[in-house]
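Notes follow once the structure below has been shown.
Protein chains in written order, with the numbering used here: chain E, 54 to 191; chain S, 214 to 531.
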């Protein structure tokens, strides 16, 4: 099952030229780009691992692409995303975030139903991949 | 990058293939190349070989652009450069100009200059160098990376020096991403020659080796006048012959650093002018007095009082 998280995730995977254009857009808006990766793609997992520090003060997308390529090379079977962080006072949050790399095979999620008091049902989703220990998931 | 510089594809190519002429002059005028080159001639005194090479490069880039509009193959040329010359011959100034020119010609996308030295590239311990160098390279992408005194990167006397690691990363990026980044190395001629002798890979990846000649006395005078004009000062008429004399004496001294020495001399003349005005501050000062550097401001320099013997001990003139 294809994971859809972040901007553009319902589109086909972006090509490198498209990624570069999006990064350049973020830079032109004054946002600082950063690269993050994870092997636990649960939608509530907001804490992906940072690949290097956020890149403030970069003028051209080629600089960020260096880091994106390095991350994809180091983690070819992980999810990798690029964030555009807006440091404007009062906003100070991620304005743009899109996936730039995904594992070849995405097994998807299991839906667990838990019966509680009064026959009420609680739902929870678990990624099949997350059942493996970290580092062996993809 | 503008659409004209990317190779035309599909229907565009078919449409363009019909056209068989392009207005080269208009192409350059649009990009503001002529103003840029004229400005270079106006603002930089002397440096004839340097200007000639910059013109060549500008012409090549303009022709490449014209070729691209006609659908001819225009592969981005390698524009890494090496500036060699004595101190104060304008290497950094020209590098700054270079970034602007390459930007105007559509070669460098952003046209900013990142000036670094060994300290910014080479780390202190194992594993520190690569991230540092990559950080600098990332910042310089889309512009010009200016490495001042580049020969310090390689220290042959210490075989465990991390400079070699920085050089290897640089080489890799210079080769693979030459349309993203222009690297300019600068340094003194003899030491750069030893640097290249021990790093043949570096030498062969640099297409343009440009040597900056020393300035003559007349050129230095012109530079001085340009500098005072920029600082909104002017010379009193009787100050010029004194300045000419000063330049001649200064050139004969050790540690003479061309235009940089002139700039320092002017700064000191400004100091003396200020204290002269300050000393008789009773009267109100006129606009003229505030911006005129007189002969005595220059003549007070130690260059005039010291004998040749004491000059040889190598102290900088004040």
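Positions of the beta carbon are idealized from the N, C-alpha and C atoms, including for glycine.
Residue 471 (chain S) (DSSP reduced to helix, strand or coil): Residue 471 (chain S) falls in the helix class under three-state DSSP.
Member of S:308, S:467, S:255 and S:441 whose CA lies at the smallest distance from the CA of residue 326 (chain S): S:308
Chain-order list of residues whose beta-carbon lies under 6 Å from that of residue 147 (chain E) (same chain, five-residue window excluded): Sequence-distant partners of residue 147 (chain E) (beyond 5 residues in either direction) whose C-beta falls short of 6 Å from its own C-beta, in its chain, are 136 and 138.
Beta-carbon contacts of residue 455 (chain S) that lie in its chain and below 6 Å, excluding the five residues immediately before and after: 508, 511 and 512
Cβ-based burial, residue 371 (chain S) [other Cβ within 10 Å; buried from 16]: Residue 371 (chain S) sits exposed, since fewer than 16 C-beta atoms from the chains shown fall within 10 Å of its C-beta.
Integer Cβ distance of residue 428 (chain S) from residue 252 (chain S), believed to fall under 8 Å: Between residue 252 (chain S) and residue 428 (chain S) the Cβ distance is about 19 Å, and since that is not below 8 Å, they are no contact.
Minimum C-alpha distance to residue 475 (chain S) - residue among S:441, S:414, S:262 and S:333: When each option's Cα is compared against that of residue 475 (chain S), the closest is S:441.
Cβ neighbours of residue 156 (chain E) in the same chain (closer than 6 Å, five flanking residues each side left out): Result list for residue 156 (chain E): 130 and 191, in chain order.
Proximity below 7 Å, CB of residue 452 (chain S) to CB of residue 506 (chain S): yes
In chain order, each alpha helix (DSSP H) run of at least 4 residues that lies wholly inside the region 382-455 of chain S: 402-411, 413-418 and 430-443
Exposed unless 16 or more other CB atoms sit within 10 angstroms - verdict on residue 486 (chain S): So residue 486 (chain S) counts as buried.
Under 7 Å between C-beta atoms of residue 360 (chain S) and residue 398 (chain S): yes
Three-state secondary structure (DSSP) of residue 198 (chain S): Any question about residue 198 (chain S) goes unanswered here, given that chain S covers just 214 to 531.
Residue 506 (chain S) in three-state terms, based on DSSP: strand
Euclidean distance between Cα positions of residue 320 (chain S) and residue 286 (chain S): 16 Å
Same chain, Cβ closer than 8 Å to residue 447 (chain S), five either side skipped, listed in chain order: 441, 504, 505 and 506
Backbone CA spacing between residue 407 (chain S) and residue 364 (chain S) [nearest angstrom]: Residue 407 (chain S) and residue 364 (chain S): Cα-Cα distance of roughly 8 Å.
Backbone CA spacing between residue 413 (chain S) and residue 380 (chain S) [nearest angstrom]: 11 Å
Three-state secondary structure assigned by DSSP to residue 285 (chain S): coil
Those residues which DSSP pairs with residue 308 (chain S) across a bridge: Per DSSP, none; premise fails for residue 308 (chain S).
Cβ-based burial, residue 189 (chain E) [other Cβ within 10 Å; buried from 16]: exposed
Members of the region 107-125 of chain E near chain S, C-beta cut-off 9 Å: 108, 110, 111, 112, 113, 114, 115, 116, 117, 118, 119, 120 and 123
Chain-ordered chain E contacts of residue 391 (chain S) [CB-CB under 9 Å]: Result: empty, since nearest Cβ-Cβ is about 11 Å, beyond 9 Å.
Separation of residue 162 (chain E) from residue 185 (chain E), as counted between CA atoms: 13 Å
Nearest to residue 430 (chain S) (by Cα), restricted to the options S:444, S:419, S:497 and S:462: Closest by alpha carbon: S:462.
Chain-ordered neighbours of residue 288 (chain S) on chain E, where CB pairs are closer than 8 Å: Here the premise fails: no neighbours, minimum Cβ distance about 18 Å.
Inter-stretch contact at 8 Å, needing at least 3 Cβ pairs: the region 60-77 of chain E / the region 108-124 of chain E: yes
Closest by C-alpha distance to residue 305 (chain S), when choosing among S:342, S:337, S:317 and S:263: S:263
Inter-residue CB distance, residue 318 (chain S) and residue 275 (chain S) (contact presumed, cutoff 8 Å): 7 Å
Any C-beta of chain E under 7 Å from that of residue 252 (chain S): no
Counted within 10 angstroms of its Cβ, other Cβ atoms place residue 515 (chain S) as buried (16 or more) or exposed: exposed
The region 375-391 of chain S contacting the region 336-345 of chain S, beta-carbon criterion three pairs below 8 Å: yes
Proximity winner among S:313, S:350, S:292 and S:311, relative to residue 330 (chain S) (alpha-carbon distances): Minimum Cα distance to residue 330 (chain S) is reached at S:350.
Segment limits, beta strand (DSSP E) that includes residue 164 (chain E): Following the DSSP letters along the chain, one finds residue 164 (chain E) inside the beta strand (DSSP E) bounded by residues 162-168.
7 Å Cβ cutoff met for residue 323 (chain S) and residue 112 (chain E): yes
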